[in-house]
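See structure below.
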Amino acid sequence: MKVLALLATLTGGLFAHPYIHLSTSRIYSPGEETEIRLETRDLDVIHFRLYAIEDPIDFFEAQKNMRSPRVRGKAKPVNFFHMLEGLGDRTKRNTRYLAREMMSKESRIGLRDYLGLPPLEKKEAETPERFGPSSIPRLEGYEVLREWSMGFEKKKKDKDDYYYYGRYHYETIDLEITKPGVYLVEAYYGTRVAYTPVVVSEMSVVTKQDPREVYVFAVNAEDGKPRRGAVVVVLSDTNRIATGRTDGKGLFHTSFDTTRLRVLVQDGDNFALLDKYYYYSDEEDQDGAIKVYLHTERPIYRPEQTVYFKGVVRRMRRGTYRTPAGDEVEVVVTDPEGNEIYRHALASDSWGAFADSLIVPSSSRLGRYTLSATLEETYHSVQFRVEEYRKPSYKVEVELDAEQYVQGDTVKIEVAADYFFGAPVAKAETKLKIYRREHHRYYWYGTSYVDELAGKTDSQGRITFTYVTPKKDRNYRYTFEAQVRDESRRAESGEASAFVASSAVLVDLKPTRYVVEPGEKLEIDIHTHDILNKPVPGTVEIVVYRHYWDKEDKVLARRTMSVGKIGFTTFTFTPSQAGSYYVIAKAKDKQGNQSEEKRWFYSSERGGYYTWKTDRIQIIFDAETYEVGDWAEALVITPYENASIIASLEADNLYDVDIIELEGNTAMLRFKVRSEFVPNVFLSVCGIYEGEFFEHKEKMLVNRKARM
């Protein structure tokens, strides 16, 4: 054990030597605590200097790593002989540490004299000239704002710690910087030195980027207002690819052809930087990126069965995935222990596809297998299972006496269990589990457990359950799952589902538009129908509300309308003021069961000033779907008053980008629907307000058919 401890002690410090590391986490605003993080090893005191960087664009343009700049030239590489020399020094030191723990002082002196070794030389004094604040000269061309030193309490090595690798110190230091600017912190001791830049700025920068172009938006960090005339430099590594100034909206735009993009922006003493490579590591959307989609024809196999698989290759070119032909893909299949059972190079066809098959060996291990494809060092994989599974010996079928019900109806559930050779599964324990989930025309909620019934099949393998659906004010989708267990204790299951409505008469609402101006008429289509969507005549109660954040919602209109034989009518309402509204329609069936539908709509004046009370960003389109050639309108509501936002239409590419100045905290956007938007496009809004980045997206559905 002591030998192992000795080896660990001798080799553990091979690469562990005294060092200093500095870092910052973000750009600071004036008035914030400007903190840096210090990490040291085996050092008891650190000296600091704080410099002002007069030309931050020139400084950062020369840096490959903006977080850890090179200032005094490149560090000397550690070669093999330096490593051996360091190993020898650390081996001597660690051997002394271990010897002191295992032997008394008298024993060590006796061993030294017996071996004829000289006494150890005294350590050279740490003089101010070598290790003091003046041991490293000040940087030329930089103004020194402040100098100070920081000492640390010496930590003693635990006598029982054989795996001791050094004394670490971690500190957070507040630089107490109050003015906007770019600063450089230097930490050093002896010849060891570290740097980190610190940026204090009233300006923030937001970028929108696709594989071909980038938009740079410079704003005040506090109120989101644009910074006009700010200098922008766009870099690829340390090479300039574009330079210019932000326009009257605070926007700068350029095209590029690179995978690593860095942006520097300066406006007087205020500075901001973005290193897209540093913050964004997912390169799937970069030009030249490769995607391989793999699948097998089923998820599970038995030994000696044939596995059929297929793959499709796609390459990103200028923002669009292409179908390359003739690519050689290395395909490998491995078992659960990593042993290869298949390896072949397959060529993609004109559709970018490749396919093959393999037979699972009879001696193969059971478990999860990996099918992988490698193309130009890009690795993709999927998994399938190999199991000695048994085919079911009988089947369970569940039948309901109807496809749809009204709440309060009794559901009759017939369960039948039969062996595949024809005999019934008689006298078998049967459980019927009942689940439901709330159903809406446009979305579904999660499934919840409702009830459980139990019994035994008869001599014919049959059992009948009945269930009375409780009355609720919502529509549900019910699932009835039967589990049958035969004499061998094997269980099989089957299920059936049905729609259970709150009423025999359902009502739908569809505003012709979702955003109108004050004083503009809004038509709301009303449709009444039964569970099978057949028209139902009758009456509908309509109530329109104005929504308020700080007081109770107000009823603006109430009307009872007759619906004819076709189950359709139209309600018209004209909002007099900008704001949020909703309409509720109620209909009853002959038994008094009521159905209800609610829809929101909004009123906003184009270019008008109105402050909406909200704590979140909303994007409301004026229609549910669009066709190519339509003019679309979208109301944007934010919690940020009089801010500027970036509004963009985007998918894999950026289609339109503009800066919108909010009137109050809203904006009305209008744009033409183009063929590139099919089948959908996203409207995105983002910006900076009170020092925080915000973003919200909504999907817009576009039909392929063009508007005539």
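Sequential numbering of the sequence shown, starting at 0, is according to numbering that gives the first Met the number 0. By construction, the Cβ of each residue, glycine as well, lies at the ideal position given by its N, Cα and C atoms.
Worksheet entry | Runs of alpha helix (DSSP H) lying entirely within the region 17-56, each at least 4 residues, in chain order | none
Practice prompt. Can you give me the start and stop residues for the beta strand (DSSP E) that T369 sits inside?
Written response: 366-374
Discussion item. Taking the beta carbon of G249 as the centre, do at least 16 other beta carbons fall within 10 Å, making it buried, or is it exposed?
Written reply: buried
Item to complete: Locate the beta strand (DSSP E) running through R473, then write down its first and last residues.
Response: Careful: R473 lies outside any beta strand (DSSP E) and carries neither H nor E.
Worksheet item: Exposed or buried, which one is I565 when buried takes at least 16 other CB atoms within 10 Å?
Response: exposed
Worksheet item: Looking at the structure shown, is F59 part of a helix, part of a strand, or coil, going by DSSP?
Response: helix
Item to complete: May I have the straight-line CA-CA distance separating D651 from T637, to the nearest angstrom?
Response: 25 Å
Worksheet item: Would you call the CB atoms of F498 and Y466 closer than 9 Å?
Response: no
Discussion item. Comparing C-alpha positions only, which one of L661, E649, Y688 sits nearest to M699?
Written reply: E649
Fill in: Beta-carbon gap between V291 and W350 smaller than 9 Å
no
Item to complete: Ignore the nearest five residues each way along the sequence and tell me which others in I659's own chain have a CB closer than 6 Å to its CB.
Response: I644, A646, A666
Worksheet item: Is L21 near Y182, with beta carbons less than 9 Å apart?
Response: no
Worksheet item: Mapping DSSP to helix, strand and coil, what is V701?
Response: strand
Item to complete: Starting from the Cα of F419, find the closest Cα among F600, E376, K390, V205 and give me that residue.
Response: K390
Worksheet entry | Whole-angstrom distance between P302 and E632, CA atom to CA atom | 59 Å
Worksheet entry | Start and end residues, beta strand (DSSP E) containing A344 | 339-346
Fill in: Expected contact under 8 Å - CB spacing of V701 and V627 to nearest Å
7 Å
Practice prompt. Label D256 either buried or exposed according to how many other C-beta atoms from any shown protein chain fall within 10 Å of its C-beta, with 16 as the threshold for buried.
Written response: exposed
Worksheet item: Roughly how many angstroms separate the alpha carbons of A324 and P423, rounded to a whole number?
Response: 56 Å
Worksheet item: When you compare only the Cα positions, how much space is there between S502 and D614?
Response: 36 Å
Worksheet item: With distances taken from CA atoms, which of G407, E336, Y300 is nearest S361?
Response: Y300
Worksheet entry | Straight-line gap, E480 to L531 (C-alpha atoms, nearest Å) | 24 Å
Fill in: Local Cβ density within 10 Å of N664, reported as buried at 16 or more and exposed below that
buried
Item to complete: Work out the CA separation of V543 and D732 for me, nearest whole Å.
Response: The requested residue 732 does not occur in the structure, where the chain is confined to residues 0 to 707.
Discussion item. Quick check: what's the CA-CA separation for E677 versus R321?
Written reply: The residue asked about is misnamed: residue 677 is Val in this sequence, not Glu. Cα-Cα distance, rounded: 18 Å.
Worksheet entry | Three-state class that DSSP yields for S708 in the structure shown | Outside the displayed span of the chain (0 to 707) sits residue 708, for which this structure offers no information.
Discussion item. So the candidates are Y625, P469, G30; which of them puts its Cα closest to the Cα of S674?
Written reply: Y625
Item to complete: Pull up the distance between the alpha-carbon of G247 and that of A220, whole angstroms please.
Response: 17 Å
Item to complete: Take every Cβ of the region 227-247, pair it with every Cβ of the region 260-269, and state whether three or more of those distances are shorter than 8 Å.
Response: yes
Discussion item. Measuring only the C-alpha atoms, how far is F58 from S235?
Written reply: 15 Å
Worksheet item: Apart from the five residues on each side of it in sequence, which residues of its chain come closer than 8 Å, Cβ to Cβ, to V192?
Response: I19, R71, I135, E185, A186
Discussion item. Classify Q459: buried if its beta carbon has 16 or more other beta carbons within 10 angstroms, exposed otherwise.
Written reply: exposed
Discussion item. Measuring straight from C-alpha to C-alpha, what distance separates K597 and L508?
Written reply: 7 Å
Worksheet item: How about L293 and M149: do their beta carbons lie closer than 9 Å?
Response: no
Discussion item. Here's the rule: buried if 16 or more other CB atoms are within 10 angstroms of the residue's CB, otherwise exposed. What is N269?
Written reply: buried
Discussion item. If you measure between the beta carbons of V359 and R342, is that distance less than 9 Å?
Written reply: no
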